[in-house]
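Worksheet for the structure shown next.
Numbering (mature numbering (1 follows the signal peptide of the UniProt record, and there is no 0)), first residue to last: -25 to -1, 1 to 158.
Have a look at this one:
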């Protein structure tokens, strides 16, 4: 039948070509939207990591200054103060290293690393009570400042975990979408 009517064949082939081209264009639009969404989530996660890193570094500076305070300087700091400062300092170094390890969000273990970050911050927050007791001779303002810094670190690292996990899920979804549309 197509041999008998070349005009009809030409029209059908043209329509078929437009349909295939339109389908590919729609597919590439969808892929482009998913890619843009993934990229935006990645940028937001990187910003959260940057802010958390800055806050941890600031808290580390405050904690390292505690033994140098004049109210403690006249006497030898007791073991509680040294344990508080040392424990917080070690914990903050671990948190900083893990935050820096997120890098450009290209690690295959993003979700695992974010769970490790939660564990580290939970351990760090547990020092707050110990430090409050150990720093009993310091002004209330200093103890309050330390407590708030630790709360800010908890808040910001929870945000990092949320953003990184969301990025990882979207990235996995994008990879699945790419694999599914190649067939």
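Virtual Cβ for every residue (Gly too), placed ideally from N, Cα, C.
Contacting residues, own chain, Cβ-Cβ under 8 Å from residue i (five flanking each side not counted)
i           : result
residue 105 : 55, 58, 59 and 62
residue 86  : 139, 140 and 143
residue -3  : In this prediction, residue -3 scores a pLDDT of 47, lower than 50, which makes its location untrustworthy; no coordinate-derived value is stated.
residue -5  : Confidence at residue -5 is low in this model, with a pLDDT of 48, below 50, so the placement of that residue is unreliable and no value is reported for it.
residue 127 : 30 and 34
residue 109 : 53, 55, 56, 58 and 59
residue 84  : none
Sequence-distant residues of the same chain with beta carbon closer than 7 Å to residue i, five excluded per side
i           : result
residue 69  : 95
residue 19  : 138
residue 145 : 12, 13 and 16
Residue closest to residue i, alpha-carbon to alpha-carbon, out of the options
i           : options               : result
residue 98  : 125, 11 and 120       : 125
residue 111 : 9, 22, 35 and 46      : 46
residue 72  : 86, 91 and 83         : 91
residue 43  : 144, 132, 122 and 117 : 117
residue 93  : 38, 4 and 27          : 27
residue 129 : 101, 109 and 119      : 101
Rounded C-alpha distance that separates residue i from residue j
i           : j           : result
residue 172 : residue 7   : Nothing in the structure corresponds to residue 172, since the chain is present only between -25 and 158.
residue 142 : residue 17  : 6 Å
residue 115 : residue 65  : 24 Å
residue 40  : residue 82  : 35 Å
residue 36  : residue 4   : 48 Å
residue 107 : residue 53  : 14 Å
residue -1  : residue 132 : Confidence at residue -1 is low in this model, with a pLDDT of 45, below 50, so its placement is unreliable and the value that follows should be read with caution. About 40 Å.
residue 147 : residue 120 : 40 Å
Residues near residue i by beta carbon distance below 6 Å, same chain, minus five either side
i          : result
residue 24 : 74, 77 and 135
residue 88 : none
Integer Cβ distance of residue i from residue j, believed to fall under 8 Å
i           : j           : result
residue 140 : residue 122 : In fact, because the Cβ distance is near 27 Å, the residues do not count as touching under 8 Å.
residue 38  : residue 10  : Between residue 10 and residue 38 the Cβ distance is about 42 Å, and since that is not below 8 Å, they are no contact.
residue 21  : residue 80  : 7 Å
CB contact below 8 Å: residue i versus chain C
i          : result
residue 31 : In the structure shown, chain C does not exist; there is a single protein chain.
Heavy atom of the ligand MG within 7 Å of residue i beta-carbon
i          : result
residue 67 : Absence of the ligand MG from the depicted structure is noted, as is the absence of any ligand whatsoever, leaving it without description.
Next on the checklist: Please give me, in chain order, every unbroken run of the alpha helix (DSSP H) with length at least 4 that falls completely inside the region 5 to 73.
Outcome noted: DSSP runs (the alpha helix (DSSP H)) wholly in the region 5 to 73: 45 to 48.
Checklist entry - Counting only runs that start and end within the region 72 to 139, where is the alpha helix (DSSP H) found for 4 or more residues in a row? => result 85 to 109
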